[in-house]
Every structure is written in structure tokens, then in C-alpha cells.
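Enquirer: Which chain is which? The protein sequence lines are C and G, in order. Quick note on numbering: the working numbering labels position 10 of the first sequence as 4, and the sequence is numbered without any gaps. All you need for the working numbering is the position in the second sequence, starting with 1, plus 19. One structure coming up, written as C-alpha cells, with questions to follow.
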Amino acid sequence: AQSVTQLDSHVSVSEGTPVLLRCNYSSSYSPSLFWYVQHPNKGLQLLLKYTSAATLVKGINGFEAEFKKSETSFHLTKPSAHMSDAAEYFCVVSERGFQKLVFGTGTRLLVSP
Amino acid sequence: DAGVTQSPTHLIKTRGQQVTLRCSPISGHKSVSWYQQVLGQGPQFIFQYYEKEERGRGNFPDRFSARQFPNYSSELNVNALLLGDSALYLCASSQRDGNQPQHFGDGTRLSIL
């Protein structure tokens, strides 16, 4: 069975400082991994995806994530936080070739001025 | 192009009633998936349909059912509503089956009284 663990329920940063949201995954197969963002009362927007190509994945809005098989991690980073980045972030795993997405419990990113 | 559209946006029902939620995928997308997101949690997979056939089912009771129409739109039905069915119901579409990026709608907020 696949699962993801988001290690922090809340992360607080100041505007202009780096962002690190941590995610560990568990999968019996070669996984596909994603990060989605959810703003209040909105659906989910895909930030980036890993599907076995380059281990460093670049996404939208300056976010990127690195797939580390030895550490079973897929942490999300951004060099400089913006106020508009404040939202809920979900790390997601799926079995290669299947549509079912398995979500983590989410990390709420708070950005202060 | 329009994104994934869901209707209604909000719905209030009482215990024991039945509800139908609707989803129109992005034009050209043939796969539709449904997710339930209880407040404070990550979304949980309910169903996936591709070319009008059920391709996956999550761990939900038989009170939950869905179908996909020839135009690829989809309905999610829930019978005998319980208080615990209160949640945000999200629809996602993708072009094909397999590991395709899924695009989410803004969801239907269902409240059970």
C-alpha cells in the first residue's frame, strides 16, 4: 500500500525567506509523486510532478522538489516566500499507471510580512 | 478553456436524504475521479471513471455510486446521508487513464444537518 507522511502540520515563514515542506513516501512500486496546493475554499492546483525522469522537478510559481529514493523523501522548496504562497500544501503519491491519488494530511504554510 | 466545473457549489441536506453532485471535465478529458475531503484532512479517493467504465473504487460504502455519461461528464450519488458525509467533494479530470496530471474543480461543499 502506498502512503505519504507530511512531517509538519504547520510551517511559518517570513516573506522573502526560503520555504521547506517535508514529505516522506512509502510505496511498493515505483511511485509517481505530486505536490498540490489548495487555497481557502478552492480546489487543488498541481504544483509539480515526479514520474521517473529527472529527480529534481521544477514546478509553477518558483517551487521545486527533489526525489530522493534512498531517503524516500520528496520535499518541496522555494527560495523566497511570497504572501500569496500562504495555503495548504498536499504531498501525493500514486502507483505508476493508475489514477488513484493518495494524499498526505497536508501542511499549512503561513507567510508573515 | 474552461476548467473542471462542479455543481452545485454548496448544498445542505438532512440525514437520510439522497444527493447528486455533478462534474463537467475539461474539454477533451475522458477520465473523471471523485474525492471526499473532510474538514482538516486530505482528500480521499472515491471513484475513477474512464470512457464510461469504472476503473477504480475507494473504501467507501455502497451508498456511494457514480456514473459517467457519453459526453464524459459525471455524477456522484450518495444515498441515506449520514452526518459524517459532510465534506467537500472534489472532481478531477485528466486526458487519459494512467499517470496523467489530474485537474481539480473547486468542489461541492455538502453539509448534512
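From the three backbone atoms N, C-alpha and C, an ideal C-beta is built for every residue, glycine too.
#1: Are the beta-carbon atoms belonging to G/L102 and G/R34 less than 8 Å from one another?
#2: In its own chain, which residues sit with a C-beta less than 8 Å from the C-beta of G/G47, not counting the 5 before and 5 after it?
#3: Given that a residue counts as buried once 16 or more other Cβ atoms are within 10 Å of its Cβ, and exposed if not, what is C/P34?
#4: Is the beta carbon of G/I45 less than 8 Å from the beta carbon of G/S112?
#5: Assuming C/L70 and C/L15 make a contact with CB atoms under 8 Å, what is their CB distance in whole Å?
#6: Go through its chain and collect everything with a Cβ distance to G/R41's Cβ below 6 Å, but skip five positions before and after it.
#7: For the region 72 to 96 of chain G, which residues have a CB atom closer than 8 Å to at least one CB atom of chain C, in sequence order?
#8: Less than 8 Å separating the beta-carbons of C/S20 and C/T66?
#9: Which one of C/A48, C/A47, C/L42 has the shortest CA to CA distance from C/G56?
#10: Against G/P120, what residues of chain C qualify as contacts under a CB-to-CB distance less than 7 Å, listed in chain order?
#11: By Cβ distance below 8 Å, which residues in the same chain neighbour C/S8 in space, the five residues on each side in sequence not counted?
#12: Sort out for me which residues DSSP pairs G/R64 with in a bridge.
#13: For G/P44, return the contacting residues in chain C, with the cut-off set at a CB-CB distance below 8 Å.
#14: Between which residues of its own chain and C/V5 is the CB-CB distance below 8 Å, once the five residues before and five after are set aside?
#15: Does DSSP put C/S22 in a helix, a strand or coil?
#16: On the DSSP letters alone, give me the boundaries of the beta strand (DSSP E) that G/E94 sits inside.
#17: Compare the C-beta of G/L109 against all C-beta atoms of chain C and say whether one is closer than 8 Å.
#18: Between G/Q87 and the rest of its own chain, which residues show a CB-CB distance below 7 Å, the 5 nearest in sequence each way excluded?
#19: Exposed or buried, G/E109, counting other C-beta atoms within 10 Å across all chains shown (16 or more means buried)?
#20: C/L95 CB to nearest chain G CB: under 8 Å?
#21: What residues from the region 50 to 63 of chain G come within 9 Å of chain C, judged by C-beta to C-beta, listed N to C?
Expert: In brief:
#1: The beta carbons of G/L102 and G/R34 sit closer together than 8 Å.
#2: Cβ-Cβ distances below 8 Å link G/G47 to Q114 in the same chain, with the five nearest sequence neighbours on each side left out; the list follows chain order.
#3: With a threshold of 16 other beta carbon atoms within 10 Å, C/P34 falls short and is exposed.
#4: Between G/I45 and G/S112, the C-beta spacing is below 8 Å.
#5: About 4 Å separates the beta carbon of C/L70 from that of C/L15, a gap short enough to meet the 8 Å contact definition.
#6: These residues qualify, in order along the chain: S26, E94.
#7: Within the region 72 to 96 of chain G, the residues whose Cβ lies closer than 8 Å to some Cβ of chain C are R74, G75, G77, listed in chain order.
#8: Their beta carbons are under 8 Å apart, which means C/S20 touches C/T66 by this criterion.
#9: Comparing alpha-carbon positions, the option among C/A48, C/A47, C/L42 lying closest to C/G56 turns out to be C/L42.
#10: Chain C residues near G/P120: L40, K43.
#11: Here the set comprises A75, V105, S106, P107.
#12: Arg is not the amino acid found at residue 64 of chain G; the sequence shown has Phe there. DSSP, once it has assigned bridges, lists G/Y54 as partnering G/F64.
#13: Counting only Cβ-Cβ distances below 8 Å, G/P44 has no contacts in chain C at all, with the closest Cβ about 13 Å away.
#14: Taken in chain order, the residues that qualify are V13, L14, L15, T101, R102, L103, L104.
#15: Coil, per DSSP.
#16: Counting along the chain, the unbroken beta strand (DSSP E) around G/E94 starts and ends at 93 to 97.
#17: Chain C contact via Cβ: present.
#18: Its chain contains V51, Y68, K71, S93 as the residues whose beta carbon lies nearer than 7 Å to that of G/Q87, once the 5 sequence neighbours on both sides are disregarded; these appear in chain order.
#19: Note on identity: in this sequence residue 109 of chain G is Leu, with Glu being the wrong assignment. It is buried - the Cβ of G/L109 has at least 16 other Cβ atoms within 10 Å.
#20: Chain G, which has a Cβ nearer than 8 Å to the Cβ of C/L95, makes this yes.
#21: Residues of the region 50 to 63 of chain G with a C-beta atom less than 9 Å from some C-beta of chain C are S50, S52, Y54, Q56, G59, Q60, G61, P62, Q63, listed in chain order.
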